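Student: The structure that follows is given in the form of structure tokens.
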Amino acid sequence: MTEKPSRRQVLIWMGNLGLLGAAWATLKGSVRFFDPPVAQPAVSAVEAGAADDFPVGARTFIPAAKAWLIRDEDGFSAMSAVCPHLGCTLGEDGAAFACPCHGSRFDAAGAVTHGPAIANMRHLAVEVADGRVIIHPEMS
Ligand code: FES
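Add 240 to a position in the sequence shown, counting from 1, and you land on the number used in the numbering used here.
Right, dumping it as structure tokens:
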């Protein structure tokens, strides 16, 4: 016959489970901080699509180029979505950009506005050939 655990023992076990959960969450966050998901090396040229598919004012993430393609009144431009801090992929933050890993922020032109990143987003070469938009991730 097994002895029924006391209320005190059950509370201690629950407390220990909570501590283990908190320790696991802390450890997981620490690993992500020191080993963020780094973007893969980009290819030399990525066709983003037909120029007509990007209206003036469009800002589109192009996964194959790991870049943000922007079209304004002056034409096309692109900026690398690879965070200059440790390489996480930058996402949109209103009209600006933000890094989900350590909180760096960049303005709409790619200038760093909040660290830990100290460098701006990298501007990439873009061309339109035969009505197709081509991004050159390795050329600035
Ligand atoms: S990878 Fe650290 S802030 Fe972006």
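Yeah, the Cβ is synthetic: ideal placement off N, Cα and C, and Gly gets one too.
Just so we're clear, the structure is a prediction, and the values are computed from it rather than from any experiment.
1. Three-state secondary structure (DSSP) at residue 248?
2. So, helix, strand or coil for residue 242, using DSSP?
3. Applying the criterion that 16 or more other CB atoms from any shown protein chain within 10 Å of the CB defines a buried residue, is residue 251 buried or exposed?
4. Kindly indicate the opening and closing residues of the beta strand (DSSP E) around residue 302.
5. In the DSSP output, which residue or residues are listed as bridge partners for residue 315?
6. As a quick exercise: from 285, 258, 303 and 309, pick the residue whose alpha carbon is nearest that of residue 350.
Tutor: Straight from the coordinates:
1. Stepping through the sequence shown from its first residue, residue 248 is reached at position 8. Correct three-state label for residue 248: helix.
2. Here the question's residue 242 lines up with position 2 in the sequence shown. In this structure, residue 242 counts as coil in the three-state DSSP scheme.
3. Locating residue 251 in the sequence shown gives position 11, where the first residue counts as 1. Exposed: under 16 other Cβ atoms inside 10 Å.
4. For the purposes of this step, residue 302 is identified with residue 62 of the sequence shown, where counting begins at 1. Boundaries of the beta strand (DSSP E) around residue 302: 299-302.
5. Within the sequence shown, numbered from 1, the residue matching residue 315 stands at position 75. Partner(s): 312.
6. Against the sequence shown, residue 350 aligns to sequence position 110. Here the closest residue by C-alpha is 309.
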